[in-house]
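Heads up, the thing below is written out as structure tokens.
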Amino acid sequence: MRLWKKNYWSSLLFLLFVFLLNLCMIVGDADAKRPKYVFKMASLAPEGSIWAQRFDQFAQEVREKTGEEVGFKVYAGGVMGDDRTMFRKMKIGQLQGAGFTMTGISEIVPDFRVMGIPYLFHSYDEVDEVWDKLMSRQIEAFAKKDMVLLAMSEVGFIYTMSTNPISTLEDLKESKIWALEGDLLNLAFIEAVGITPIPLSLPDVLVSLQTGMVNTVFNGYYGSIVLQWFTKIKYITDFPFGYAYGGLVFDKKALDRLPKGYLVIIQTAAEKYFTGKLKDDTRRTNLEALETLKANGITVVPADPATGVVLAEFRDQVVAESVGKYFSAEIYNEMMAILENYRKSRP
Numbered sequence: 106m107r108l109w110k111k112n113y114w115s116s117l118l119f120l121l122f123v124f125l126l127n128l129c130m131i132v133g134d135a136d137a138k139r140p141k142y143v144f145k146m147a148s149l150a151p152e153g154s155i156w157a158q159r160f161d162q163f164a165q166e167v168r169e170k171t172g173e174e175v176g177f178k179v180y181a182g183g184v185m186g187d188d189r190t191m192f193r194k195m196k197i198g199q200l201q202g203a204g205f206t207m208t209g210i211s212e213i214v215p216d217f218r219v220m221g222i223p224y225l226f227h228s229y230d231e232v233d234e235v236w237d238k239l240m241s242r243q244i245e246a247f248a249k250k251d252m253v254l255l256a257m258s259e260v261g262f263i264y265t266m267s268t269n270p271i272s273t274l275e276d277l278k279e280s281k282i283w284a285l286e287g288d289l290l291n292l293a294f295i296e297a298v299g300i301t302p303i304p305l306s307l308p309d310v311l312v313s314l315q316t317g318m319v320n321t322v323f324n325g326y327y328g329s330i331v332l333q334w335f336t337k338i339k340y341i342t343d344f345p346f347g348y349a350y351g352g353l354v355f356d357k358k359a360l361d362r363l364p365k366g367y368l369v370i371i372q373t374a375a376e377k378y379f380t381g382k383l384k385d386d387t388r389r390t391n392l393e394a395l396e397t398l399k400a401n402g403i404t405v406v407p408a409d410p411a412t413g414v415v416l417a418e419f420r421d422q423v424v425a426e427s428v429g430k431y432f433s434a435e436i437y438n439e440m441m442a443i444l445e446n447y448r449k450s451r452p
């Protein structure tokens, strides 16, 4: 009996040892697959949107090319708050980066808003020319704030969208117009035209359209579908209000922890998926979205040419008051020199 008990306890201890050994091996395998460097990222881009899809592809490529050592935890759809909140969380280390709108991050880096001047660009060719030549200056501006601007993220040209047709300045003045909260430049422009805008954060716009608090908004074709605004608007004015964009921004201290080779991998992937593929995506999907909007009964309204001239005059007035206030004279003058030289080089 004693021998049996001894064998029983010996067997039990052996089995327990084997179990613990296997458990350690499982935990060890899990640890081996866990990235050594994890970046928590946030964005207002909705889950499933082309912006979120390209970020997922960017993250996957970085993880693979770093041998699973660099990973990303992504919080899309604004679950981490608006731009201001995301920036605060970056400063205290809760986030290591974010996809910011031009409006939100320009509160920290004012020169980043310079390309958001209303009624400035005539084509994407002009946009590309200016971005290519201004990018290094923008990177320097972010570096002064201990941030790394890895890539520009494009929304594209945005249009006036409304529940009533708008083709003249008088039509516009009779509207209840939304302006993005914190968008100082466009707020100033709308006020200069003689309209009192209704500032709202991005998530509040759809509800405000539903309740009638606002009846006129600004968005790209694709953006209006992703955010469901198209379900409440009936007209789009065929005259771009401006160019909308954002930036993929990392905390410099977080990137400084990486081996130099890994940083190069991240920079290369950002160039591929944001500057390259995402830009192509937004332009293609905006064209496709326009057809979808028309198929859903939304009417494209031609703009009165004379109104365009008047709006350009208001733009020039606002710009004169904005230089040195909302962006530096240096960045503005450089941008306009690039733009004017480009226009002169084209017949």
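Numbering (our numbering), first residue to last: 106 to 452. Every residue, glycine too, gets a C-beta built ideally from N, C-alpha and C. Keep in mind the model is a prediction, meaning the values are calculated, not measured.
Asked	Found
CA-to-CA distance, S313 to S211, given in whole angstroms	25 angstroms
Cut-off 7 angstroms between Cβ atoms - residues of its own chain near E286, not counting five sequence neighbours on either side	P304, L305 and S306
Straight-line gap, T273 to K141 (C-alpha atoms, nearest Å)	58 angstroms
Straight-line Cα distance separating M240 from K145	25 angstroms
Beta-carbon proximity check, N269 vs G325, cutoff 8 angstroms	no
Option in I338, L395 and D251 with minimal Cα separation from K357	D251
Candidates T321, D288, I338 and A394, of which the one nearest G328 by Cα	A394
Given E259 as reference, the closest of F294, T206 and A248 once Cα atoms are compared	T206
Under the three-state DSSP convention, the category D455 falls into	Since the first residue of the chain shown is 106 and the last is 452, residue 455 is not available in this structure.
Local Cβ density within 10 Å of R159, reported as buried at 16 or more and exposed below that	buried
Contact under 8 angstroms by Cβ, I282 with T342	no
Reduced DSSP category for P345 - H, G, I as helix; E, B as strand; rest coil	coil
M257 - containing beta strand (DSSP E), residue span	M252 to S267
Helix, strand or coil at Y326 according to DSSP, with G and I counted as helix	helix
Assumed close pair Q243, D216 - CB separation to whole angstroms, cut-off 8 angstroms	7 angstroms
Complete alpha helix (DSSP H) runs within the segment 137–217 (minimum length 4 residues, chain order)	155–170, 188–196 and 207–210
For Y340: DSSP bridge partner residues	S267 and T404
Backbone secondary structure at T225 - three-state DSSP	Note that residue 225 is Leu in the sequence shown, not Thr. Coil at L225, not helix or strand.
Cα-Cα separation between Y367 and A411, rounded to whole angstroms	54 angstroms
Whole-angstrom C-beta distance between G209 and R189, which should lie under 8 angstroms	6 angstroms
Test item: CB-CB of G351 and G186 under 8 angstroms	no
Inside the segment 370–401 only - alpha helix (DSSP H) runs reaching at least 4 residues	384–400
Pair within 8 angstroms by beta-carbon distance, V219 and F226	no
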